[in-house]
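Chains as they are written, first to last, in the working numbering: chain L, 1 to 133; chain G, 134 to 266; chain C, 267 to 399; chain P, 400 to 532; chain R, 533 to 665; chain H, 666 to 798. Just below is one structure, and these are the notes that go with it.
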């Protein structure tokens, strides 16, 4: 469930269906995951979020698989269970092997550790790392 | 500066120097950044952290550049200024172009946004996303 | 359940009952939610937390509904499922419409996104934004 | 400064200038703050972010001032110094009094406290708070 | 500086001075740090926060030094620079040695790492760890 | 369950069993919790993480019980349900009383509150708190 419930395709307005259709066509699948069905209560946000994701997660200077793994890294740092579950599956579908997943986790764990060591030791930024040099 | 100050090479113990030497040799550089100089107050943690990072960030199923960008993604989500500055420079040295950086930021921003939309709408995990299926 | 279990009214000490009574009287309801029943193991913290919340969330320069929505915004950013669920219901009871909820979510999502864009791009604070000017 | 530097109006491309112009016109001001000048390195993200913010932060079911205070609440929870500084000024311009600011801070502080009490006491969600009931 | 400026003793109201006096007497010191001078704009929050801290951080089942180190651990996880700086000094004054500080940092770093490994691997809670068993 | 499933002792490789054996011997127990069974998919990370934890959480300048409570404090701040559940049990086994747990929670809650008050009021670090003075 979700705060306002989930809007299924058959109950969706024309605008929402258009987004659902584009999601399914883009992903070459015949189902819609709960995130979109919950967001469908706000058709403007639904459309905006989907179009942003579609553009941002598509091919570019970075491979879509890499982008999906970055999404997982952020979701893990934020402890978002839904996002971890859904984007891990997406990454697997785009080619993430178990070996890649394990390395991804190792990097995320290490980064979260050193982020705090830096903070706790109150380390100042080296001149060499400052932007504009 | 840092909580306990920074330990320069000339003031470092034999154990610490060994780590500094390995850092410089591995990175093909002749300087040590503040993080290690602060951590040097705790030679056990210094050695452990460096060896972990060296192993984790090295080549494997994921390219070192990709790992560095994941490090940036996590550091940005955690608002760790030092880590953002240092790992952005590291990523650039390993080949991150401006185009790649911008896409990285776009993904990190989007993930942080949808992580909260999912939480706020209290979206339940789809059966299809649950592990062990 | 909760770490130390939940303390029901009938099993509560005189001090705890006094807080429970005040919660029910203030909220014009006849039940106590789990948060308070868990906190009741520590009567000092129970009393202090309830009195703080009662004072802070009451009418003032900001409307209680606005305060409740701010509570939701923070809880969403912190991924606190219990707090999201309970304060969303509280906000609805105080008059939050679906339209207001959706806008609240949109703002929270956007803020979480730009918070990271700012961090990742390492944007310095404009002179115009610095306090004391 | 910023990772890739700041793009001033005179050095900006036509697309970027169009966004800058719209920002200044919408805000009835003659300057652009650093966030946009940093984001201008990525004209697509600049345009998308500005249009999203313009739409989301505008009038609707919630007053623009309320939205600005929610933005501050999120930024404070995320420890984003830039965002706190800039959105506090924006909120003040939109009418946030000192009294409102102080209440906002009190709510944000309290929410961050109870979010952790709930987590630490491992409080289960009451049936009454579950969505779909 | 701070958003609303800092209120010095000589400019403080009678209520604020009473809190300042109690802080100095309790801490056996003759100065007030910026946090209180900023909070003094909201005398109610100033008084409440000081009294809470005084009660919570005092002797009890846990030693005040241990409490101060827990405060540092939380502040490091939250990347609150001010809080890290001030509570590290407080902990040192209460007897935290360099050896204790280093172990504190190692634990905080490790906890932040494994918190994310758990999330990323989507580990379910063992029956043995569930409350109420 | 977990992303890649759980590896039981009987299905584990020689390397993984060696770690499992050491965990059980060190903890004087005959079972392995899910975290390790999930991490066992990555024997290198399993071994490294266990050895780090074993070293860091052992006796030193800080008592193992204190370290366990610091672990809980961090896990609560990060909203990691699994870590809260498991380390709370560990702390209890090492001697954490209910009174100690309640004070721990009070400190963690308070720290999370003041971390945000400091951020929101944009309080500058006092000269007296800066490292290297």
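Glycine included, C-beta positions come from ideal geometry on N, C-alpha and C.
Nearest neighbour of residue i, chosen from the options [CA to CA]
i	options	result
residue 732 of chain H	H/741, H/752 and H/716	H/752
residue 531 of chain P	G/257, G/264 and G/197	G/257
residue 445 of chain P	C/355, C/384, C/317 and C/330	C/384
residue 104 of chain L	L/15, L/61 and L/75	L/75
residue 490 of chain P	P/477, P/476, P/472 and P/478	P/472
residue 726 of chain H	R/634, R/589 and R/594	R/634
Chain H within 8 angstroms of residue i, Cβ atoms only
i	result
residue 122 of chain L	yes
residue 353 of chain C	no
residue 159 of chain G	no
residue 565 of chain R	yes
residue 643 of chain R	yes
For residue j and residue i, the rounded distance between their alpha carbons
i	j	result
residue 719 of chain H	residue 137 of chain G	25 angstroms
residue 777 of chain H	residue 59 of chain L	40 angstroms
residue 23 of chain L	residue 44 of chain L	15 angstroms
residue 686 of chain H	residue 716 of chain H	13 angstroms
residue 107 of chain L	residue 496 of chain P	45 angstroms
residue 182 of chain G	residue 115 of chain L	12 angstroms
residue 573 of chain R	residue 558 of chain R	22 angstroms
residue 774 of chain H	residue 519 of chain P	9 angstroms
residue 528 of chain P	residue 661 of chain R	25 angstroms
residue 93 of chain L	residue 65 of chain L	9 angstroms
residue 150 of chain G	residue 190 of chain G	21 angstroms
residue 413 of chain P	residue 609 of chain R	43 angstroms
residue 659 of chain R	residue 728 of chain H	27 angstroms
residue 152 of chain G	residue 418 of chain P	50 angstroms
residue 627 of chain R	residue 222 of chain G	39 angstroms
Any C-beta of chain L under 8 angstroms from that of residue i
i	result
residue 779 of chain H	no
residue 368 of chain C	yes
residue 172 of chain G	yes
residue 608 of chain R	yes
Test: residue i CB closer than 8 angstroms to a CB of chain C
i	result
residue 771 of chain H	yes
residue 45 of chain L	yes
residue 590 of chain R	no
Nearest-angstrom beta carbon gap, residue j and residue i [assumed within contact, 8 angstroms]
i	j	result
residue 601 of chain R	residue 735 of chain H	7 angstroms
residue 667 of chain H	residue 611 of chain R	That belief does not hold up - the Cβ atoms of residue 667 of chain H and residue 611 of chain R are roughly 29 angstroms apart, past 8 angstroms.
Contact with chain R by residue i, beta-carbon distance below 8 angstroms
i	result
residue 318 of chain C	yes
residue 212 of chain G	yes
residue 327 of chain C	no
Proximity test, Cβ basis, 8 angstroms: residue i and chain G
i	result
residue 630 of chain R	yes
residue 350 of chain C	yes
residue 441 of chain P	yes
residue 335 of chain C	no
Contact with chain P by residue i, beta-carbon distance below 8 angstroms
i	result
residue 359 of chain C	no
residue 666 of chain R	Given that chain R is displayed from residue 533 to residue 665, the structure contains no residue 666 of chain R and the question cannot be resolved.
residue 596 of chain R	no
residue 392 of chain C	yes
- Query: Are the stretch 464-483 of chain P and the stretch 286-302 of chain C in contact at 8 angstroms, needing three or more beta carbon pairs?
  - Reply: no
- Segment contact, 8 angstroms Cβ cut-off, at least three pairs: the stretch 700-708 of chain H with the stretch 672-679 of chain H: yes
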